[in-house]
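*Asks:* These protein sequences, in sequence, are chains A and B.
Residue 185 in numbering that gives the first Met the number 0 is what sits at position 186 of the first sequence, and the numbering runs on without skipping anything.
Residue 48 in numbering that gives the first Met the number 0 is what sits at position 49 of the second sequence, and the numbering runs on without skipping anything.
Provided herewith is a single structure, encoded as structure tokens, for subsequent inquiry.
There are 2 protein chains.
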Amino acid sequence: MSERVVPEGRRQRRRPTKQGAVLSERLIVETALRLIAQHGAEALSVRRLGAALGADPTALYRYFRNTDALLLAVADEIIGRAQEGWAATGDWRTDLRELGLRIHGCYQAYPQAAALAAHRTTGRPYETRAVERILGVLRSAGFPDPLAVRIYHAFVDQALAFAAQDAAALALPPAAREKEAEVWHAVYGRLSPETHPNVAATLPLLAADMRDSGYPFALELMLAAVAALRPEPSPEG
Amino acid sequence: MSERVVPEGRRQRRRPTKQGAVLSERLIVETALRLIAQHGAEALSVRRLGAALGADPTALYRYFRNTDALLLAVADEIIGRAQEGWAATGDWRTDLRELGLRIHGCYQAYPQAAALAAHRTTGRPYETRAVERILGVLRSAGFPDPLAVRIYHAFVDQALAFAAQDAAALALPPAAREKEAEVWHAVYGRLSPETHPNVAATLPLLAADMRDSGYPFALELMLAAVAALRPEPSPEG
DNA sequence: AACCTTACGTCAACACCATTGACGTGTAAA
DNA sequence: TTTACACGTCAATGGTGTTGACGTAAGGTT
Numbered sequence: 000m001s002e003r004v005v006p007e008g009r010r011q012r013r014r015p016t017k018q019g020a021v022l023s024e025r026l027i028v029e030t031a032l033r034l035i036a037q038h039g040a041e042a043l044s045v046r047r048l049g050a051a052l053g054a055d056p057t058a059l060y061r062y063f064r065n066t067d068a069l070l071l072a073v074a075d076e077i078i079g080r081a082q083e084g085w086a087a088t089g090d091w092r093t094d095l096r097e098l099g100l101r102i103h104g105c106y107q108a109y110p111q112a113a114a115l116a117a118h119r120t121t122g123r124p125y126e127t128r129a130v131e132r133i134l135g136v137l138r139s140a141g142f143p144d145p146l147a148v149r150i151y152h153a154f155v156d157q158a159l160a161f162a163a164q165d166a167a168a169l170a171l172p173p174a175a176r177e178k179e180a181e182v183w184h185a186v187y188g189r190l191s192p193e194t195h196p197n198v199a200a201t202l203p204l205l206a207a208d209m210r211d212s213g214y215p216f217a218l219e220l221m222l223a224a225v226a227a228l229r230p231e232p233s234p235e236g
Numbered sequence: 000m001s002e003r004v005v006p007e008g009r010r011q012r013r014r015p016t017k018q019g020a021v022l023s024e025r026l027i028v029e030t031a032l033r034l035i036a037q038h039g040a041e042a043l044s045v046r047r048l049g050a051a052l053g054a055d056p057t058a059l060y061r062y063f064r065n066t067d068a069l070l071l072a073v074a075d076e077i078i079g080r081a082q083e084g085w086a087a088t089g090d091w092r093t094d095l096r097e098l099g100l101r102i103h104g105c106y107q108a109y110p111q112a113a114a115l116a117a118h119r120t121t122g123r124p125y126e127t128r129a130v131e132r133i134l135g136v137l138r139s140a141g142f143p144d145p146l147a148v149r150i151y152h153a154f155v156d157q158a159l160a161f162a163a164q165d166a167a168a169l170a171l172p173p174a175a176r177e178k179e180a181e182v183w184h185a186v187y188g189r190l191s192p193e194t195h196p197n198v199a200a201t202l203p204l205l206a207a208d209m210r211d212s213g214y215p216f217a218l219e220l221m222l223a224a225v226a227a228l229r230p231e232p233s234p235e236g
């Protein structure tokens, strides 16, 4: 039997399911995204997705080789949404900042899916486009190829890593999230200044700062360091 | 029945299993770590752990409420190991670099526990000690408190985010991991230079660079940027 | 309009998973 | 020596992803 999946381009016979739904790769991805958004990452199972689609669960295997392939498609969809309407301005620093914040922000919109998919290389169209664009920004800013590639790698991994990290926090059940925020007062606030002088000295600052994501500042630090690596310092400064 | 777990302190009747093993919380945690290290991420299941212990799988539930509780115990052990033998040298840059690489590296050794626990604030002793130490490095390097706190936040989040990110990649089933590595040749290698000129121009560099973690370079970039923020450069250098 | 070919939705089955309730044995305290 | 109960074991439940076989209806061909 070997291949039961037919690539999306060659599909011809769209037969409605018993319950009347007409399946497609796109419909399945969107349904999966909705399922995850509404009922959490653990709600995504083949059987539940089948039920949500109004089809036999195993019908999925006509569209995706396995659940991992489906997950990659979901990840790519998110990457696509992150780039919607973006265009290069010509200023590399502005462009990278914008892309980083967009990627991070878009994953936050689907925390449960992000936690599942942010660490995958999909090799799908939206992802390849993002890679192409970021490399384009760096190369036309004058970074030599080996350096551009290293910076690309650090930049992308940082954006995705923070996205997954912050998404995981958002994806916690509200009670657990609340409790985790309290730890800074409940535990760190009670540490003795003798054993933990530095924590004690900075506690109010700490408790306030840790409420938000560390990404924007980390991104600025990276951009500043990258600027210093640029071969010919532009008049900008 | 409700509580089938007896806290470690109150245990009295240690009965050997059919296969002769005498169970304990400590033995279970260590066996779990060994299982993970030796047979990969997917090897940790209740059944396999039971087999490795020489006990009925469900005997675990006498020691941990569920698998999540077990994983947290395992994670706690890892945090401890990350700081084992570390001491400040007095050079803030060396110290931060060392701590960052240690945290990242230690999580890598136990990927799936890392992926699960790296985004939680535990408030437990090993964690508070790490916070205290990092803040200490920054403050005694002369950073004013508000800046020290922001840097601390970015530094820690980046270390943990990358740790979780890279751990998640390691925790994939071997088949998926293999495939992901191949994507750079199989997909990106076949993109047309007309639609993806920047990818085409840098492909060998890309494929080579993406095999390793982006963290070490990202860390260096952050340290460089932080150095530039330092108020009064000391004679040290 | 009749015919084929086959895509694809469906069904049944498999092997694995975490978790629970009931049970009885053997240990350690009294 | 007795007794209580801790805890290892077993059976069972309901979940998971995935595969192979099957038949139907959709489309292209004639």
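In this text, a Cβ means the ideal position worked out from N, Cα and C, and glycines have one as well.
For chain B, is any of its Cβ atoms less than 8 Å away from the one on E179 (chain A)?
*Replies:* yes
*Asks:* For S1 (chain B), which of helix, strand or coil comes out of DSSP?
*Replies:* Unreliable placement is indicated for S1 (chain B), whose pLDDT of 35 sits below 50; the coordinate value is still reported in the next sentence. S1 (chain B) falls in the coil class under three-state DSSP.
*Asks:* Suppose the cutoff is 8 Å on Cβ atoms and the five residues either side in sequence are ignored; what does the same chain contact list for L22 (chain A) look like?
*Replies:* R13, T16, L52, A54, A58, R61, Y62
*Asks:* Taking the alpha helix (DSSP H) that Y60 (chain B) falls in, what are its first and last residues?
*Replies:* From DSSP, Y60 (chain B) is part of no alpha helix (DSSP H); its letter is neither H nor E.
*Asks:* Among the candidates B:L222, B:R123, B:W85, B:A112, whose CA atom is the shortest distance from the CA of D165 (chain B)?
*Replies:* B:A112
*Asks:* List, in order along the chain, the chain A residues whose C-beta lies closer than 8 Å to that of R229 (chain B)?
*Replies:* Those within 8 Å of R229 (chain B) in chain A number zero; the least Cβ separation is about 13 Å.
*Asks:* Counting beta carbon pairs with one atom in the stretch 20 to 40 of chain A and one in the stretch 95 to 104 of chain A, are three or more of them shorter than 8 Å?
*Replies:* no
*Asks:* To the nearest angstrom, how far is the alpha carbon of A167 (chain B) from that of A160 (chain B)?
*Replies:* 11 Å
*Asks:* Cβ closer than 7 Å: which chain A residues qualify as neighbours of N197 (chain B)?
*Replies:* Residues of chain A with a Cβ closer than 7 Å to the Cβ of N197 (chain B) are, in chain order, E131, L134, G135, R138.
*Asks:* Helix, strand or coil, according to DSSP, for A226 (chain A) in the structure here?
*Replies:* helix
*Asks:* Counting only C-beta atoms, is A71 (chain B) closer than 8 Å to chain A at any point?
*Replies:* Note on identity: in this sequence residue 71 (chain B) is Leu, with Ala being the wrong assignment. False, the Cβ-Cβ gap to chain A never drops below 8 Å.
*Asks:* For the stretch 30 to 41 of chain A, which residues have a CB atom closer than 7 Å to at least one CB atom of chain B, in sequence order?
*Replies:* none
*Asks:* Would you mind stating whether M221 (chain A) and M221 (chain B) have Cβ atoms separated by less than 8 Å?
*Replies:* yes
*Asks:* With a cut-off of 8 Å, do at least 3 Cβ pairs link the stretch 187 to 206 of chain A to the stretch 128 to 142 of chain A?
*Replies:* no
*Asks:* Sort A:L71, A:I78, A:L171 by Cα distance to H38 (chain A) and report the nearest one.
*Replies:* Ranked by Cα distance from H38 (chain A), the options A:L71, A:I78, A:L171 are led by A:L171.
*Asks:* Consider the Cβ of R176 (chain B): report whether some Cβ of chain A lies at a distance smaller than 8 Å.
*Replies:* no
*Asks:* Apply the 10 Å Cβ neighbour rule to P203 (chain A) and answer buried if 16 or more other Cβ atoms are within range, or exposed otherwise.
*Replies:* exposed
*Asks:* Which stretch, first to last residue, makes up the alpha helix (DSSP H) that contains H152 (chain A)?
*Replies:* 144 to 170
*Asks:* Return helix, strand or coil for V186 (chain B), following the three-state DSSP convention.
*Replies:* coil
*Asks:* Cα separation between F142 (chain B) and R189 (chain A)?
*Replies:* 24 Å
*Asks:* Using the C-alpha atoms, what's the distance from T121 (chain A) back to A87 (chain B)?
*Replies:* Distance between the alpha carbons of A87 (chain B) and T121 (chain A) is about 41 Å.
*Asks:* Leaving out the 5 sequence neighbours to the left and right, which residues in its chain are closer than 6 Å to A108 (chain B) when beta-carbon positions are compared?
*Replies:* none
*Asks:* Alpha helix (DSSP H) containing R96 (chain A): first to last residue?
*Replies:* 91 to 108
*Asks:* State yes or no: is the beta carbon of A81 (chain A) nearer than 8 Å to at least one beta carbon in chain B?
*Replies:* The beta carbon of A81 (chain A) sits no closer than 8 Å to any beta carbon of chain B.
*Asks:* Thinking C-alpha only, which one of A:V130, A:P192, A:L146, A:G213 is nearest I150 (chain B)?
*Replies:* A:G213
*Asks:* Taking a cut of 7 Å between CB atoms, which residues from the stretch 202 to 220 of chain A lie near chain B?
*Replies:* L204, L205, D208, M209, G213, F216, A217, L220
*Asks:* For the candidate residues B:W183, B:E24, B:S44, whose alpha-carbon lies nearest to that of R119 (chain A)?
*Replies:* Out of B:W183, B:E24, B:S44, B:W183 has the C-alpha closest to the C-alpha of R119 (chain A).
*Asks:* Using a Cβ-Cβ cut-off of 7 Å (strictly less than) and excluding sequence neighbours within five positions of A114 (chain A), which residues of its own chain qualify?
*Replies:* Cβ neighbours of A114 (chain A) within its own chain (closer than 7 Å, five residues either side excluded): A40, A163, A166, A167, A170.
*Asks:* Using beta-carbon positions only, say whether I77 (chain A) and C105 (chain A) come within less than 8 Å of one another.
*Replies:* yes
*Asks:* Start and end of the alpha helix (DSSP H) containing V198 (chain A)?
*Replies:* Residue range 196 to 208 is occupied by the alpha helix (DSSP H) that includes V198 (chain A).
*Asks:* Mind listing the chain B neighbours of H103 (chain A)? Cutoff is C-beta to C-beta under 8 Å, in chain order.
*Replies:* Residues of chain B passing the Cβ test: none, with the nearest at roughly 11 Å.
*Asks:* Assuming the contact rule is C-beta atoms closer than 8 Å, Y125 (chain A) and G84 (chain A) should be a hit. Round their C-beta distance to whole Å, please.
*Replies:* That belief does not hold up - the Cβ atoms of Y125 (chain A) and G84 (chain A) are roughly 13 Å apart, past 8 Å.
*Asks:* So for P192 (chain B), helix, strand or coil by DSSP?
*Replies:* If DSSP states are grouped into helix, strand and coil, P192 (chain B) belongs with coil.
*Asks:* Within the 8 Å Cβ cut-off, does L100 (chain B) reach chain A?
*Replies:* By the rule that beta-carbons nearer than 8 Å mark a contact, L100 (chain B) does not touch chain A.
*Asks:* Excluding five sequence neighbours on each side, which residues of the same chain lie with their C-beta closer than 6 Å to the C-beta of V4 (chain B)?
*Replies:* R64
*Asks:* Does any residue of chain B bring its CB to less than 8 Å from the CB of S1 (chain A)?
*Replies:* Its pLDDT being 36, under 50, S1 (chain A) is placed unreliably in this model, and the coordinates cannot settle the point.
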